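Number of protein chains: 4
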Amino acid sequence: MAMVCLSDFEAYAKKYLPKIAWDFFAAGADDCSTRDENILAYQRIRFRPRILQDVSVMDIRTKLLGTEISFPVGIAPTGFHQLAWPDGEKSTARAAKAMNTCYIASTYSTCTLEEISAAAPGGLRWFQLYIHRNRAVSQQLVQQAVALGFQGLVLTADLPYTGKRRDDVRNGFCLPPHMKLKNLEGAFEVCKMSPPFHSLLDPSVTWNDIYWLRSLTQLPIIIKGILTKEDAELAVRHGVQGIIVSNHGGRQLDGGPATIDALVEVVEAVQGRVEVYLDGGIRKGSDVLKALALGAKCVFIGRPALWGLAYKGEEGLQEVLRILQDEFRLSMALAGCASVSEIGRHLVQFSKL
Amino acid sequence: MAMVCLSDFEAYAKKYLPKIAWDFFAAGADDCSTRDENILAYQRIRFRPRILQDVSVMDIRTKLLGTEISFPVGIAPTGFHQLAWPDGEKSTARAAKAMNTCYIASTYSTCTLEEISAAAPGGLRWFQLYIHRNRAVSQQLVQQAVALGFQGLVLTADLPYTGKRRDDVRNGFCLPPHMKLKNLEGAFEVCKMSPPFHSLLDPSVTWNDIYWLRSLTQLPIIIKGILTKEDAELAVRHGVQGIIVSNHGGRQLDGGPATIDALVEVVEAVQGRVEVYLDGGIRKGSDVLKALALGAKCVFIGRPALWGLAYKGEEGLQEVLRILQDEFRLSMALAGCASVSEIGRHLVQFSKL
Amino acid sequence: MAMVCLSDFEAYAKKYLPKIAWDFFAAGADDCSTRDENILAYQRIRFRPRILQDVSVMDIRTKLLGTEISFPVGIAPTGFHQLAWPDGEKSTARAAKAMNTCYIASTYSTCTLEEISAAAPGGLRWFQLYIHRNRAVSQQLVQQAVALGFQGLVLTADLPYTGKRRDDVRNGFCLPPHMKLKNLEGAFEVCKMSPPFHSLLDPSVTWNDIYWLRSLTQLPIIIKGILTKEDAELAVRHGVQGIIVSNHGGRQLDGGPATIDALVEVVEAVQGRVEVYLDGGIRKGSDVLKALALGAKCVFIGRPALWGLAYKGEEGLQEVLRILQDEFRLSMALAGCASVSEIGRHLVQFSKL
Amino acid sequence: MAMVCLSDFEAYAKKYLPKIAWDFFAAGADDCSTRDENILAYQRIRFRPRILQDVSVMDIRTKLLGTEISFPVGIAPTGFHQLAWPDGEKSTARAAKAMNTCYIASTYSTCTLEEISAAAPGGLRWFQLYIHRNRAVSQQLVQQAVALGFQGLVLTADLPYTGKRRDDVRNGFCLPPHMKLKNLEGAFEVCKMSPPFHSLLDPSVTWNDIYWLRSLTQLPIIIKGILTKEDAELAVRHGVQGIIVSNHGGRQLDGGPATIDALVEVVEAVQGRVEVYLDGGIRKGSDVLKALALGAKCVFIGRPALWGLAYKGEEGLQEVLRILQDEFRLSMALAGCASVSEIGRHLVQFSKL
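Residue numbers (full-length UniProt numbering), protein chains in the order written: chain P, 1 to 353; chain V, 1 to 353; chain L, 1 to 353; chain D, 1 to 353.
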C-alpha cells in the first residue's frame, strides 16, 4: 500500500499496533470531543489563495528561537515511543535530525536523555518537563538536559492530574514490563500508570514556578498548554520565550477549544512579544499553512509522528515529515506564497459555518 | 464490564430493564428533540481553561439553601423507582445520603414518604409536589413532608397535562399491579396511567397558588420548570427560594430550549436574588462544571440516577454519583479551579457552531 | 399498529399505496431540498414556554375570514384524491366537515365540485383555482364554485409551469384510465400528465388578473404561493383577502425558503391588513403552534391529509385531524396559552443553529 | 435507465468508465473538501421567488463578450476527453456547437486544435492556455488558436504546480499509450504524468505575463482561477476582458472557498468593469440561476460535460446541456424571470445555516 497522506499511516498503525497501544495513543478525554474538534476546526477555515505570484523558487525554512529548521513542523512531546517501535525515542531523534527539524523529547520517554542525544548528535532538541512533587527529580532532569545540549525547556502546564481517557481505564493501560520510563527510574515506581502514576506530578505548580525554572537554567522556557489570552499574557509577563497553544491532543479537559481556534486569541494577546506555536490536529500540509497564517511560528505533530514510527521507525517518521513538507510547500505555492515570510492573516478567513 | 462513565450505566439499563420500563424512563415528548437538545447543547459550550493554578487541594462542596452537600449534583425528582430496582426510592434515599447530597423525592414515588425517610434518616431531602384538583391531597402531602423533616418543597410547574410520549402510548404504559403510587393511595385509582392518570392534576394552577403553598408551610419553595426570564422574574416576585431550570427531561413540551441554554437568561434575570439550579442533559462531570460556570448553584440528575438504580440499586446509584464527583473534581482542576467559588462565567464561551 | 402520530400514517401510506401514487404525493422538485426544509425549519424554532397559567379550559377555535373553525388547521388543496382512496375528494369533504374545519378543493379533483358539495352539505369549503389559457374554463369553474356555496377562492400563483419532480418523470406518472379530472372534462385531454398536462395553464397570468377574478365574483380571494414581502405587499394592494405562504410543498422551485421561514417576512409586511396562512411541513401540533406564534392565522395540511385518506378514507383523515387537534391543544397548554388569542411572537425564538 | 438529471449521468460514468479514468475526472485535492464545498455551498443559498410575472415567453439567451449563446452555460476546459469517449474533444466541439454555446478547449486536449476546429466549423470556442517554461510553445499555441478562429484566450492561473490528488497518485495515473496530448507533441514527453508532467509548466508566471500574452494577440483574455477581490482588482487593472471564478474543480488548493461563495466578493470588486464567469459545482438549472443572481454572466460545466461524453459522446453531452437548459428555463420562470436581464441579486439570500 502506497503511503500517500498521513491518514495512510494512521490506518497502518491502527491495524498493526497492539490494541492497548493504539488506544493509548488515540485516546482523548471523556467523549473525545476536543480531540476531534482539533481536526474539524481546520475545515471551518478557508484559504483566500492569491494567483500569479512567482513561486518558482520556494523557501519553506523557518527559525525556532533563532535556530533554522527545514520547515515549520516539529515533533511534539509524546510518551512511550517504544510502544510504537522497538528503538523508541532514539528513532524519533534520528528522524528529526535527518529532516532538520526540532524534536521535543518527553519526560516520559522510554529511552534516557543520554540515549536520545547519542542517537542523533547535534540534532535540535528541546526537553519537555513535568514538575514532580519531588522538585529534586525535576531539577536533575533539567540539568541533565542542559548538559546534553538540549536547546529549550518545554513546561507542560495542563496536566496537574491526568485526563480521564475511558479506553485506558477499560484496558487497564500500563507499560509492558520490559519498558521503563528511563528518565525517572529510581524516582518512582513505574509500572502503575494512570491516576496513581501521575500522583507524583505536582498539582500545586503555579506561575511562580516559572521563576524557579528560570533559576535552574538559562535555556529558553516554552510553556505548553495555553488556550486563553489571559494565560498568554501571564506567560509573557513571567518571561517565557515561547508558547505552545495546546490542549494535550484533547487528552486532558474535554470540552476545551480546538487549538487552531484558541491560536487566534493567543496570537492577538501576545502581539509578537514571544514566539507562538501550536500542536493538535495537524494532518495535512494545508493545516500547517492555516496555522502559520493565523500567527503560529511553527506547529508540532504528536500522533502522526507515532504513526510514522509504528510504520517503519525512523524511516517511517521521516516519510511522514517528508509528506507534510511536500504538502506544505505545495499549499504555499498554490496560495501564492514563495516563502514563509509571505504567509499572513490575509490568506485565511473563517467560514460562516 | 467496567462502569467507567454514565453511558455505561445507560447501556446496562437499556439491556436489562424490561422494554416498557426503559421506554418510560427514556421517553421524550413527540420527536424527542428537546430531550436530545438537552445533551447536544453542552457540546456547543467550550471551556476557557486556565493553567498553573494551585489545584493540589480541591474543594468541591457547595451549599443548597444553606445546607452543605458534598458536590453540586443532587437527585432530580423522577417517578416509579421500583420499575428500576425492587427497593425503589428507599435505595435512592440511601445512596443520596451516603454521598451526602440532596434527593428530591417525587409525589409519584412507589414508596411512601415515611419509608423514604426511614430508609436514610437525617439525609437531606426535598419533596416534589404536583398540585391536585383535590387540594386536600396536596395539603396533606406537604404537611407529611414537613413532619418527616423534608427541607424543601419543589413545585413542578410544567405539567398541567402530561406530555405526549409516543412510546408510552404505544406500550400502553401503566404501573405493574404490584407497584403503587403509595403517597396517593386512596386519593385516586392508580392503575390507569397517562392522560386519565394526570387528569387528577390541576391545570388551573397559577402563580397565586404559590401563596397558598406558602400558607401551608415555612419550608423553602423551589419552583421547577422555568425556562424564560419572564417566569424567573415572576418566581422571584412571588417569593420562592429557588428555581430549577427544567424542561422535565424533554418529556413535556417538545421544541422547548435545552436547559443549559435557558439557564443563561434565567440567571441573568434573577441576578442572584434566589438560587438557580438545573436539570436535564447532565452526563459528565464537565457538564456540571459548564452549568455552574453559567450560574447554576447545583444540578440534578434524572435518568442517570435511574440507570444507577437499575444497575445495582443503592450501590449502583452511589457509583454513578461517585463517577460524576470524580469527573467534576477533575474537570475543575483541569480548568484551573480549586474550589466551587472560583467557577465563573469566564470559564466558558458559546461555540459559534 | 396504533396510529399515534402523523408519521404513522405516512409509514402506512408508503407501505400500502402503489409506488407511482406514493411517489407522486411525496415528490418534491429536483433534489427535494425545499420539501425537506419545510420540515427541518421547524426544528430551528424554539418555544419559550410560560408556566403557571390557568389552562384548565382550553379554547382552540379560530376564525377563517370570519367563519369559525374548530382549530386552526385546514385541508390544503391537493389533486387526485382517488389515488389515495376510492371515494376521493368526497371523503375529504366529509372528514373536514365532521371536524368542522375548512377544505380547499383543488381544480385537479377527481370528483366534481357538485359531488364534493353533495358529499358534505354545509361544510366550509374554498375552491382552489388554476387559471387556464382558455379563460372561459376558469370563469365557468369559479361561477360553479360560487353557485355551490364555496366561500373562498384560492388562486394558486406559483405554477406557471409544473416543477420538475424527478420520480414522476421516471415513473411516467399519469392518472389511471378510470380516474378523471372531472372538473375539467371536455376542457382538455386528461390522460397526458406532467409538462403537456400543464401546458393548458396560462403562464402569462399577472397581478392584473386578480382584478379579472374580482370581476367574476365577490367571494374572498386568497392568493397561494407567496414567499416574499414584496409579493405580500402587492397582494394586499391588489385587494386580496388572504395570503397562503406556500412553496407548493417543495414541488415547484427547489431552493426556495421553508414556508415557516418565509412566514416571518410576509407577516411583517402585511401588518395585519389581510389574513396570512401557511402550508408545508406541518407534522405535529407544535408545528401549528409555532406557525401561529409567528403570525399565521391558520395552517393547511397537504400530504398528511392524503396519508389519512390512504389509511381509512374519511375516517383516516378525521383521525389525522383529531391527532393534530389533540397535539395542538396540548402544546398550547404546555406553552401556557389557554386560547388562540394568547398565542404570540413572544412564544418562540429562532435557534442560533 | 432514463437520464432525468445530471446525477444520472454521473452514476452512469462512475459505473462504465475505467476506474482510473473515473478517479482522474472525479479527483479533488487532498481531502476533496473544496470540491465538495463547490456543491454544498449552493444549498445555503435560498431563492426569493416572485410570482404572477408573465413568463409565457422565456428568453434565456445571453452574450459572452458580445457573442450570443443559447443560454448561460458553457463547457469549462478539462483535459483528456478521449478518456471519456473515443472521439474526445471533437465530440465536445460538436455538442457545444449544436447547442449554440461556448466551448473552452484545453491545452491538454487529446485532439489537436485543428481537429477540434474542423469538427465543428464556426462554433464559438475559446482556447485555454497553460504557460510553459518554454514560452515559444505557448506562443505557438496562442497563434494557432487565433488562426483557427478561437475567439477568446483563457489563462489558467491557479496551477503553478499540480494539486495533490491522492487517487491519481495511488493509481499511478497516466494517459494510455494510444492517447496523446496532441497540442504539445514534440514539446515534451507525454507519458509521464503528474508532478513530472507539470514540471514543464512555468511556476514563475506573474501578472506581468498578461502583458506578454496581450502582445501576442488581440483576442480577449479571460483569466481563470480568481477567488479574491484583490486578484479580481488586479485582473481588471491588467486589462483582461473576463474573469472565471474557479478553484479548478477543487483539484488544486484544498481548503479554498466554494466558487459560488467567492463569486460574491469578486463581483463586488469588479463592479461591472469586466465580465465575471464561474465554474465548479453546477449540477442543476437552479444552480445556474443562483450564480447569475449573484452576478455571474455565465457559468461553465466541467465534470458534467465529461459524464455526458462518457454516456454517449456528442449526443450525451447535448443531452446534459439540454437538461440544464430546460431546468434553467423552468427555474427562471418559477422565480418570476422571463429573461436573463431580469435576474438579479434580489432573487437570492444566504441561509443563516
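Note that CB positions come from ideal geometry on N, CA and C, so glycine has one too.
Fair warning: this is a prediction, and the values are worked out from it, not measured in the lab.
One or two residues paired with residue i in a DSSP bridge
{"i": "D/Q349", "result": "D/R46"}
{"i": "V/F127", "result": "V/A105, V/L153"}
{"i": "L/I223", "result": "L/L155, L/I243"}
With 16 other Cβ atoms within 10 Å as the buried cut-off, status of residue i
{"i": "L/R283", "result": "buried"}
{"i": "V/H350", "result": "The identity of residue 350 of chain V in the sequence shown is Phe, whereas the question assumes His. V/F350 should be labelled exposed."}
{"i": "L/A136", "result": "exposed"}
{"i": "V/A118", "result": "exposed"}
{"i": "V/E185", "result": "exposed"}
{"i": "D/Y211", "result": "exposed"}
Cutoff 6 angstroms; reference residue i; Cβ partners in own chain excluding five residues on either side
{"i": "V/Q53", "result": "G336"}
{"i": "P/G79", "result": "S106, Y108"}
{"i": "V/M179", "result": "Q82, T110"}
{"i": "V/R94", "result": "A119, A120, E314"}
Nearest-angstrom Cα separation, counted from residue j out to residue i
{"i": "residue 380 of chain D", "j": "D/K290", "result": "This structure cannot speak to residue 380 of chain D, because chain D is shown only from 1 to 353."}
{"i": "D/V146", "j": "P/K97", "result": "55 angstroms"}
{"i": "D/P304", "j": "D/V320", "result": "7 angstroms"}
{"i": "V/K352", "j": "D/S109", "result": "46 angstroms"}
{"i": "residue 378 of chain D", "j": "D/L324", "result": "Any question about residue 378 of chain D goes unanswered here, given that chain D covers just 1 to 353."}
{"i": "D/K229", "j": "D/A262", "result": "9 angstroms"}
{"i": "P/L334", "j": "P/A26", "result": "32 angstroms"}
{"i": "V/A258", "j": "V/E37", "result": "5 angstroms"}
{"i": "P/I51", "j": "D/V245", "result": "12 angstroms"}
{"i": "D/T162", "j": "D/Q252", "result": "6 angstroms"}
{"i": "P/V55", "j": "P/G122", "result": "32 angstroms"}
{"i": "D/I301", "j": "P/V348", "result": "27 angstroms"}
{"i": "L/A232", "j": "L/V276", "result": "9 angstroms"}
{"i": "D/I223", "j": "D/V240", "result": "7 angstroms"}
{"i": "V/Y16", "j": "V/G316", "result": "14 angstroms"}
Beta-carbon contacts of residue i that lie in its chain and below 7 angstroms, excluding the five residues immediately before and after
{"i": "V/E115", "result": "K90"}
{"i": "V/K164", "result": "A29, D30"}
{"i": "L/A11", "result": "none"}
7 angstroms Cβ cut-off: residues of chain D touching residue i
{"i": "L/W22", "result": "Going along chain D, no residue has its Cβ under 7 angstroms from L/W22, so there is no contact; the nearest lies around 18 angstroms."}
{"i": "L/P203", "result": "V55, S56, A333"}
{"i": "P/E327", "result": "K164"}
Contact list for residue i against chain L, beta-carbon separation under 7 angstroms
{"i": "V/W212", "result": "Chain L residues near V/W212: none, gap ~12 angstroms exceeds 7 angstroms."}
{"i": "V/R170", "result": "A2, V4"}
Chain-ordered chain D contacts of residue i [CB-CB under 8 angstroms]
{"i": "L/G163", "result": "L330, L334"}
Per-residue contacts from residue i into chain V (C-beta, under 9 angstroms)
{"i": "L/F300", "result": "Per Cβ cutoff of 9 angstroms: no residues; L/F300 is ~20 angstroms from chain V at best."}
Closer than 8 angstroms at the beta carbon, the chain V residues around residue i
{"i": "P/R166", "result": "V4, C5"}
{"i": "P/W207", "result": "L52"}
heavy atom of the ligand COA below 8 angstroms from residue i C-beta
{"i": "P/A21", "result": "The model depicted lacks the ligand COA and carries no ligand whatsoever."}
Partner residues on chain P for residue i, Cβ-Cβ distance less than 8 angstroms
{"i": "V/K284", "result": "D30, D31, D254"}
Beta-carbon contacts of residue i that lie in its chain and below 8 angstroms, excluding the five residues immediately before and after
{"i": "V/K192", "result": "Unreliable placement is indicated for V/K192, whose pLDDT of 46 sits below 50; the coordinate value is still reported in the next sentence. Same-chain partners within the cutoff: C174."}
{"i": "V/A13", "result": "W22, F25, A84, L306, W307, A310, Y311"}
{"i": "D/I69", "result": "R61, T62, K63, N100, T101, C102, L124, C298"}
{"i": "D/P86", "result": "G313"}
Amino acids of chain L, ordered along the chain, whose beta-carbon sits closer than 9 angstroms to that of residue i
{"i": "V/D279", "result": "Going along chain L, no residue has its Cβ under 9 angstroms from V/D279, so there is no contact; the nearest lies around 15 angstroms."}
Contact list for residue i against chain L, beta-carbon separation under 8 angstroms
{"i": "D/R125", "result": "Within chain L, no residue comes near D/R125; the closest Cβ sits about 31 angstroms away, beyond 8 angstroms."}
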